[in-house]
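Enquirer: There's a structure below that I have some questions on.
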Amino acid sequence: MFLQKVMLYLYTVYMFCFMVGLNISMSILHFISPSLAKKVILKWGERTTMTQNRKFKYEDWGLTIMSFKFTATVRRVLETEPLCWDFAPKCFPSPEFKQLVKDFSDVADFLVVYIAEAHSTDGWAFTNNIDINQHRSLEDRMSAAKILIQEDPLCPVVVDDMSNITAIKYGALPERLYVLHAGKVAYKGKEGPWGYSPPEVRSFLQKMK
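Printed below as a string of structure tokens:
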């Protein structure tokens, strides 16, 4: 148990250093060659959900990688989730998730748990995004969830409480996919945004048909 905690803390430090290094290196590269910086960031974005949301263009999120808000948000997330750093904090249901609901509603009951907002207006904000501040109360979070419901996720939406207990227990921040069966975790997706993979869930559910 002690060794596991040490490894998790080392991973936390590594991730923070990686993100700070990304912020600094992209800022320097953008100063030298904006076009090359864009190419590198878009390539990096292919490994995350950044480029998968059709509502966002590079101009909406790419330059935020070089902002102070980016590193501040990373630090806040890592401090909040020291033992399970990295469910759905953003208000646009991904097309891949919605397609899963359509294709496998006869196999599984789907649920979205709305957790802390990853890209709040007063945090690491994207342009062309829904205007949502960090949730200060349960009422704030429920109001944000209502906006998500308007985007028609095709399944029920519930909210985490303000202690973020669900996000902590499931290591869900910023986003993560799970399949539960008979009261146990049958599939545990990797931490988002890099490990968020609806195709993996599709393959898993296909075997249950």
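The sequence shown begins at 167 in the numbering used here and counts up one residue at a time.
C-beta atoms are modelled at their ideal positions from N, C-alpha and C, and glycine is treated no differently.
(1) Note down the Cα distance separating residue 187 from residue 360, rounded to an integer number of angstroms.
(2) Using the beta-carbon count (16 or more within 10 Å), is residue 327 buried or exposed?
(3) Select from 200, 182, 375 the residue whose C-alpha is nearest the C-alpha of residue 236.
(4) Which of the three DSSP states is assigned to residue 339 in this structure?
(5) Below 7 angstroms CB to CB, which residues in the same chain sit around residue 207 once its five sequence neighbours on both sides are set aside?
(6) Taking C-alpha atoms, which residue in 262, 209, 179 lies nearest to residue 363?
(7) Compare the beta carbon distance of residue 317 and residue 298 with 7 angstroms and say whether it is the shorter of the two.
(8) What residue range does the beta strand (DSSP E) around residue 351 cover?
(9) Can you give me the C-alpha to C-alpha distance between residue 256 and residue 274, rounded to a whole angstrom?
(10) By the 10 Å Cβ neighbour count, where 16 or more other Cβ atoms means buried, how is residue 340 classified, buried or exposed?
(11) Give the single residue among 338, 372, 319, 329 whose Cα lies nearest to the Cα of residue 260.
(12) What residues match up with residue 347 in a beta bridge as DSSP calls it?
Expert: Quick answer:
(1) Residue 187 and residue 360: Cα-Cα distance of roughly 17 angstroms.
(2) exposed
(3) 182
(4) coil
(5) If we look at residue 207 and ignore the five residues flanking it on each side, its Cβ neighbours are 192, 228, 231.
(6) 262
(7) Not closer than 7 angstroms, so no.
(8) Here the beta strand (DSSP E) through residue 351 covers 350–354.
(9) With a pLDDT of 49 at residue 256, under the threshold of 50, the modelled position of that residue is not reliable, and the figure given next carries that caveat. Going from the Cα of residue 256 to the Cα of residue 274 covers about 23 angstroms.
(10) buried
(11) 319
(12) 350
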